[in-house]
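One structure is given below, encoded as structure tokens.
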Amino acid sequence: MNLFETVKASVTTRQAAERYGIEVDRTGKACCIFHDDRHPSMKVDDRFHCFACGADGDVIDFAAQLFGVGVKEAARQLAADFNISYDGKRAGREPSRTGAVKARKSLMRRLKNYQNENYRALCGYFRLLRQWETEYAPKQPDEEWHPLYMEAIQNSARVEYLLDELQGCSPDEAREIIAQNKNEIGRCANRVREIRRDRKRAAHEIDR
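According to the numbering used here, the sequence shown holds residues 1 to 208 in order.
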């Protein structure tokens, strides 16, 4: 058998997941590594399938997506890590330790990117709040507060707190913070997009 056939016949996706440090529960489910998944939604046995994001494939597809490489390189990595001989080539005496290290780095990179994405959303909203707090501050004691000034006063402290929490923490800690405040961070990101759309629309009207 060739490399692909041999690897798929020798290793299940569950074995690969556990080899690379992914916790699989007794029902054969794990937190999906291909999206932010707080509760196990990915089934791993011979193949893998995520019931949340739809990620699906065999053990080679799994390794390829985990490591961010092509399927041939993924198959070679699996062969090395599971001491599999193929195409008349003898595997080494000891399974490779590099696969688990690469997998951990890949997972950490995914989590770090996720952390940065949410951090940027909060930063964008916080900049708007600070701008509104200065630009729309009442000039007179009896002046009616502008809605954007009120929004800034109401939300600045909370957003600053979330930024402080995310700054400098580990990717795993950030994942937990983001999961606990997912809806709130999502509202901040949506607000930034809304303001940007309004500004583009206004600029377009001026150009006309």
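Don't be surprised by glycine CBs; every beta carbon is placed ideally from N, CA and C. Please read all numbers here as calculations on a predicted model, not as lab measurements.
- Rounded to whole angstroms, N118 and R175 show a C-alpha spacing of 10 Å.
- With respect to the 8 Å criterion, A30 and F62 are not classified as neighbours on the basis of their beta carbons.
- Excluding residues up to 5 positions away in sequence, A152, S156 lie with their Cβ nearer than 8 Å to the Cβ of R130 in the same chain.
- Inside the stretch 6-85, DSSP marks whole beta strand (DSSP E) runs of 3 or more residues at positions 42-44, 48-50, from first to last along the chain.
- Going by C-alpha positions, E23 is about 46 Å away from E133.
- In terms of Cα proximity to A74, the closest of G28, K43, V7, L128 is V7.
- According to the DSSP assignment, D164 belongs to the alpha helix (DSSP H) that extends over 147-166.
- Here V11 is not near L66, since their CB atoms are 8 Å or more apart.
- A Cβ-Cβ separation of about 14 Å leaves I177 out of contact with E160 under the 8 Å criterion.
- The beta carbon of Y86 is closer than 8 Å to those of M1, N2, L3, T6, V7, A79 in its chain, skipping five residues each way along the sequence.
- In this structure, the CA atom of K43 is about 9 Å from the CA atom of D56.
- Our two residues, H35 and S41, have alpha carbons roughly 10 Å apart in a direct line.
- Inclusion of I195 and L128 in the CB contact set at 8 Å is warranted, their separation being smaller than that value.
- Taking the C-beta atoms as reference points, A137 is found no nearer than 8 Å to V192.
- Exclusion of the five residues before and after G28 leaves R14, K43, V44, D45 as the residues of its chain whose Cβ lies within less than 8 Å of its Cβ.
- Its chain contains P138 as the residues whose beta carbon lies nearer than 8 Å to that of E144, once the 5 sequence neighbours on both sides are disregarded; these appear in chain order.
- Residue C32 holds the alpha-carbon nearest to the alpha-carbon of A52 among C32, V59, V69.
- Closest option to A189, judged by alpha-carbon separation, among N116, C169, E135: N116.
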